[in-house]
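J.: Mind having a look at this structure? Questions to follow.
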Amino acid sequence: MKKLLLASVAGAVFAGAAGADEIKLGISLGLTGPLESISPAMQKGAELAIKEVSESGKFLEGSTVSSAVADNTCVDAAASVAAVERLVSEGVKGIMGGMCSGETIASLEKVGVPNGIVMISPSATSPALSTIDDKGFFFRTAPSDARQGEVMADIVLEKGIKSVAITYTNNDYGKGLADSFANSYKAKGGAVTIVAAHDDGKADYSAEVAALAAAGGDALVVAGYADQGGSGVIQGSLDTGAFSTFVLPDGMVNNTLVEKFGDQLETSFGQNPSAEGEGHDKFAELAKDAGFDGTSAYAGESYDSSALIMLAMQAAKSTDAKVYKDKVMDVANAPGEKIYPGELAKALELIAAGQDVDYVGATSVELVEPGESAGVYREVDFKGGKLNVIGYR
Amino acid sequence: MDFLNALVAILNFVVIPAAAYGAQLALGALGVTLIYGILRFSNFAHGDTMAFGTGLVILVTWGLQALGISLGPLPVALLALPIGIVLCSVFVLGTDRVVYRFYRKKKSEPIIMVMASVGVMFVMNGLTRLLIGVDEIRFDDGARFLISVQDFKAWTGLTEGLALRLSQALTLVVTALCCWALFRFLNKSRSGKAMRAYADNEDLALLSGIDPERIVRLTWIIATALAVTAGTLYGLDKSFKAFNYFQILLPIFAAAIVGGLGSPLGAVAGGFIVAFSEVAVTYPWKKIATYLGFQPEGLLQLLSTEYKFAVSFVILIVVLLFRPTGLFRGKAY
Numbered sequence: 000m001k002k003l004l005l006a007s008v009a010g011a012v013f014a015g016a017a018g019a020d021e022i023k024l025g026i027s028l029g030l031t032g033p034l035e036s037i038s039p040a041m042q043k044g045a046e047l048a049i050k051e052v053s054e055s056g057k058f059l060e061g062s063t064v065s066s067a068v069a070d071n072t073c074v075d076a077a078a079s080v081a082a083v084e085r086l087v088s089e090g091v092k093g094i095m096g097g098m099c100s101g102e103t104i105a106s107l108e109k110v111g112v113p114n115g116i117v118m119i120s121p122s123a124t125s126p127a128l129s130t131i132d133d134k135g136f137f138f139r140t141a142p143s144d145a146r147q148g149e150v151m152a153d154i155v156l157e158k159g160i161k162s163v164a165i166t167y168t169n170n171d172y173g174k175g176l177a178d179s180f181a182n183s184y185k186a187k188g189g190a191v192t193i194v195a196a197h198d199d200g201k202a203d204y205s206a207e208v209a210a211l212a213a214a215g216g217d218a219l220v221v222a223g224y225a226d227q228g229g230s231g232v233i234q235g236s237l238d239t240g241a242f243s244t245f246v247l248p249d250g251m252v253n254n255t256l257v258e259k260f261g262d263q264l265e266t267s268f269g270q271n272p273s274a275e276g277e278g279h280d281k282f283a284e285l286a287k288d289a290g291f292d293g294t295s296a297y298a299g300e301s302y303d304s305s306a307l308i309m310l311a312m313q314a315a316k317s318t319d320a321k322v323y324k325d326k327v328m329d330v331a332n333a334p335g336e337k338i339y340p341g342e343l344a345k346a347l348e349l350i351a352a353g354q355d356v357d358y359v360g361a362t363s364v365e366l367v368e369p370g371e372s373a374g375v376y377r378e379v380d381f382k383g384g385k386l387n388v389i390g391y392r
Numbered sequence: 000m001d002f003l004n005a006l007v008a009i010l011n012f013v014v015i016p017a018a019a020y021g022a023q024l025a026l027g028a029l030g031v032t033l034i035y036g037i038l039r040f041s042n043f044a045h046g047d048t049m050a051f052g053t054g055l056v057i058l059v060t061w062g063l064q065a066l067g068i069s070l071g072p073l074p075v076a077l078l079a080l081p082i083g084i085v086l087c088s089v090f091v092l093g094t095d096r097v098v099y100r101f102y103r104k105k106k107s108e109p110i111i112m113v114m115a116s117v118g119v120m121f122v123m124n125g126l127t128r129l130l131i132g133v134d135e136i137r138f139d140d141g142a143r144f145l146i147s148v149q150d151f152k153a154w155t156g157l158t159e160g161l162a163l164r165l166s167q168a169l170t171l172v173v174t175a176l177c178c179w180a181l182f183r184f185l186n187k188s189r190s191g192k193a194m195r196a197y198a199d200n201e202d203l204a205l206l207s208g209i210d211p212e213r214i215v216r217l218t219w220i221i222a223t224a225l226a227v228t229a230g231t232l233y234g235l236d237k238s239f240k241a242f243n244y245f246q247i248l249l250p251i252f253a254a255a256i257v258g259g260l261g262s263p264l265g266a267v268a269g270g271f272i273v274a275f276s277e278v279a280v281t282y283p284w285k286k287i288a289t290y291l292g293f294q295p296e297g298l299l300q301l302l303s304t305e306y307k308f309a310v311s312f313v314i315l316i317v318v319l320l321f322r323p324t325g326l327f328r329g330k331a332y
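From first to last, the protein sequence lines stand for chains A and B. Going by numbering that gives the first Met the number 0, the first sequence wraps up at 392, each residue one higher than the last. Going by numbering that gives the first Met the number 0, the second sequence wraps up at 332, each residue one higher than the last.
This is how it looks when you write it as structure tokens:
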């Protein structure tokens, strides 16, 4: 028994030590479910970073990296826990994911923290994840919705809209965002007429539309998903003439919505986390060469999430999550040489040479405590039946 | 004027949407109730029969559109509907031959048939996705509105608008026609009477020379026709998404049970009861009260919209407690 214990301890130490190895990174995304339309680009974003690092030959003395993908369904916490458990049993050293707030909380608490696996989420934005007891294993390259709520309140008020009705998708993401928006909008002098939840994937949204219309307001805030109830509510509102202006946060801002409603969204506007600048453009180019759309929601964040995991491993000279988790903030933030997409090989070299790096990546990564993105949002409108970017804030 | 505004607001947000949704549920519940009454089991595959049939209708619609056929203001899907019904019926009769007939011959308990139908449901679930995919599909063409909000406001000068979509009107008209034809068929025609006789007493029906297999086939075909019609109307009104058809099974069963399983009239009434209770109970009456001269403080909302599904289930439980066979005295096997 003693021998066995010793052997397993030795094994664990050996596994943690650097050497030319094949290292597996997990990718946990909602490949089916309400966000299935944006998952593929996110997966490709994450795999792009993995391929770049793996092919550089400079990672942990020539180790290669491969990915293991799991479908967390976005909505089903139990399915997500099972999916992440499978990744852990396959021996992944870190996980790019989860995707949606509810399942991320579940899989982090049930699998990530107990097993000591670092999870970096590209897109879970619930404010609840800021205060969760993650023992330092959880980071996100997406900002908390507490921030998005504020930004959205500012935008709405700047447009001169003084009263709104709010509908949100009945889950951690929707509720968190609706609450943070309502609080900051009211604090800034706006009036909220009603806050009504809607469930995704239901047969009929007349009741929700009726309630929202009866409460009134100059615009309707839809904190939902474009593939799901969010567009059901918009459709109903447009048909009955209840609202013509919609305020659309990140779950709604994508091309699915534009294809569906076209020029009916003339006066609507919204915002989603996305950065401008050099990193953004470089990533879009890399993505184009790799055959996917780099401007798709959270694709850049996914690239950054997996890049951060691997750079932190390099900085810690270890693939043991308990060791490299303390390096994530170091590689993400200043001081150091700025690292853009496509420069991961250079970053690995610099780190190996003992120098500091400041990972900028596709989304101008700047992590604030407790390990989440400070958040740059792009403001968009839908004039002329197109998704137009008007500015960043 | 204010009274008219109040009336129009209720029509626009409660009566018209709930009536259209109720009609879709009623058609679905009719199919469920027919199968329950005559074949004696709850068919869980009904929602997916709707999805599969609608998928076929969409494919035929695309074909017709590619040939350049158009019905003017009406959607081409109406033309594709009969073809979809025939194709889907062939498939459903196939499932009866492969699955249900075996259990019927053995005179299995209804619960075994129900479980078999859950199996069929999963198979059809997968087939529908293979056939047409998981994405949302809009297949309505022709005119979208009979009355649009802007036009209505311009005509009447009221501050409240009224919208009536073509698909909503179509749903109500088609449902009324289907009900009329079905009730006439069941009450007047020889086959309809044979079906009712078979439903009442299988052995007596057999003794009086009724061919049970023919009755079974007829039931499947009628139920499938109703399901595909309901699915197509629902898809035209909202949009086609395979997952939503699986979800709609729940309110359909609620409707059929509230009305009384096995009672066609009950199914229709149940559909409307479920739809109206979902919309009306969660409706905030503030605007209406304001039009009528009151100055309410709050929203005057009985329940928030999260609870809309609870409403139909509360009705379901109350009905089952006090009138277990449903409002219209259905059957219980």
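Think of the CB as a built atom: it goes at the ideal place given N, C-alpha and C, for glycine as much as any other residue.
Please classify Asp199/A as buried or exposed, where buried requires at least 16 neighbouring CB atoms within 10 angstroms.
T.: buried
J.: So, does the stretch 29 to 39 of chain B touch the stretch 249 to 265 of chain B, judging by three or more C-beta pairs under 8 Å?
T.: yes
J.: Along the alpha helix (DSSP H) that carries Val330/A, what are the first and last residues, could you check?
T.: If you look at Val330/A, you'll find it in the alpha helix (DSSP H) that goes Val327 to Ala331.
J.: Measure from the C-beta of Gln246/B to each C-beta in chain A and report whether the shortest distance is under 8 Å.
T.: Using beta-carbon distances, Gln246/B counts as an interface residue toward chain A, with a partner under 8 Å.
J.: Pro113/A by DSSP, collapsed to three states: which one?
T.: helix
J.: Threshold first: 3 residues or longer. Then list the beta strand (DSSP E) segments lying entirely within the stretch 111 to 192 of chain B, N to C.
T.: Restricting attention to beta strand (DSSP E) runs no shorter than 3 residues, the stretch 111 to 192 of chain B encloses them at 144 to 146, ordered along the chain.
J.: Is Pro405/A helix, strand or coil when you go by DSSP?
T.: Any answer about residue 405/A is impossible in this case: the structure gives chain A only from 0 up to 392.
J.: Indicate the three-state DSSP secondary structure (helix, strand or coil) for Ala123/A in the structure shown.
T.: coil
J.: Per the DSSP calculation, Glu378/A is bridged to which residue(s)?
T.: Gln270/A and Gly390/A
J.: Just by C-beta distance, which residues in the stretch 154 to 175 of chain B are closer than 7 Å to chain A?
T.: For the stretch 154 to 175 of chain B, which is checked against every Cβ of chain A, the residues closer than 7 Å are Gly160, Ala162 and Arg164.
J.: Under 8 Å, Cβ to Cβ, is there at least one residue of chain A near Pro16/B?
T.: yes
J.: Indicate whether Gln246/B and Lys259/A have their beta-carbon atoms separated by less than 8 Å.
T.: No, these two residues do not count as a Cβ contact at 8 Å.
J.: Between which two residues does the beta strand (DSSP E) holding Gly159/A run?
T.: That residue, Gly159/A, is in no beta strand (DSSP E); it is neither H nor E in DSSP.
J.: With a cut-off of 8 Å, does the C-beta of Asp238/A fall near any C-beta of chain B?
T.: Yes, Asp238/A counts as interfacial toward chain B.
J.: Quick check on the DSSP output: the alpha helix (DSSP H) that includes Tyr358/A runs from which residue to which?
T.: Looking at the DSSP string, Tyr358/A is not in any alpha helix (DSSP H); the run it does join, the beta strand (DSSP E), is Val356 to Tyr358.
J.: Give me the residue from Lys134/A, Asp203/A, Glu277/A and Ala298/A with the minimum Cα distance to Ile26/A.
T.: Ala298/A
J.: Nearest to Leu225/B by alpha carbon, out of Trp61/B, Gly83/B and Ala162/B?
T.: Among Trp61/B, Gly83/B and Ala162/B, the Cα nearest to that of Leu225/B belongs to Gly83/B.
J.: What do you get for Leu247/A, buried or exposed, if any count of 16 or more other CB atoms within 10 angstroms of its CB means buried?
T.: It counts as buried.
J.: For Glu296/B, count neighbouring Cβ atoms within 10 angstroms of its own Cβ and tell me buried if that reaches 16, exposed if not.
T.: exposed
J.: Taking the alpha-carbon positions, what's the Met251/A to Arg216/B distance?
T.: 47 Å
J.: Tell me, which residues are paired with Arg139/A by DSSP?
T.: Beta-bridge analysis with DSSP links Arg139/A to Ser120/A and Glu371/A.
J.: If distances are taken between C-alpha atoms only, which option among Ala296/A, Glu378/A, Gly374/A and Ala311/A comes closest to Pro39/A?
T.: Ala296/A
J.: Determine the contact status of Ala241/B and Arg128/B, defining contact as a CB-CB distance below 8 Å.
T.: yes
J.: When burial is assigned at 16 or more other CB atoms within 10 Å of the CB, is Leu28/A buried or exposed?
T.: buried
J.: So what's Val80/A in DSSP terms, helix, strand or just coil?
T.: helix
J.: Taking Cβ-Cβ distances shorter than 8 Å, what residues in chain B pair up with His197/A?
T.: Thr304
J.: Give the C-beta separation of Tyr290/B and Asn42/B to the nearest angstrom, bearing in mind that I take them to be a contact with Cβ-Cβ under 8 Å.
T.: Not quite, the Cβ-Cβ distance comes to about 45 Å (not below 8 Å), so this is no contact.
J.: Could you check what DSSP says for Arg247/A in three-state terms: helix, strand or coil?
T.: Checking the sequence, you will find Leu at residue 247/A rather than Arg. Leu247/A falls in the strand class under three-state DSSP.
J.: Please list the partners that Asn243/B has in chain A, where partner means a Cβ-to-Cβ separation under 8 Å.
T.: Gly200, Lys201 and Ala202
J.: List, in chain order, every chain A residue whose beta-carbon is nearer than 7 Å to that of Gln300/B.
T.: Ala210
J.: DSSP state of Ala14/A, grouped into three classes?
T.: Residue placement at Ala14/A is flagged as unreliable, the pLDDT there being 46, under the threshold of 50; a coordinate-derived value is accordingly withheld.
J.: State whether the stretch 228 to 243 of chain B contacts the stretch 275 to 293 of chain B, with contact taken as three or more CB pairs (one from each stretch) at a distance under 8 Å.
T.: no
J.: Using the Cα positions of Phe144/B and Val208/A, report the straight-line distance between them to the nearest angstrom.
T.: 18 Å
J.: In the DSSP assignment, the alpha helix (DSSP H) including Lys104/B goes from what residue to what residue?
T.: Arg100 to Lys104
J.: In chain order, what residues of the same chain lie with their CB nearer than 7 Å to the CB of Lys286/B, ignoring the 5 residues before and after it?
T.: Ala8
J.: If you run the structure through DSSP and keep just helix, strand and coil, what is Ile22/A?
T.: strand
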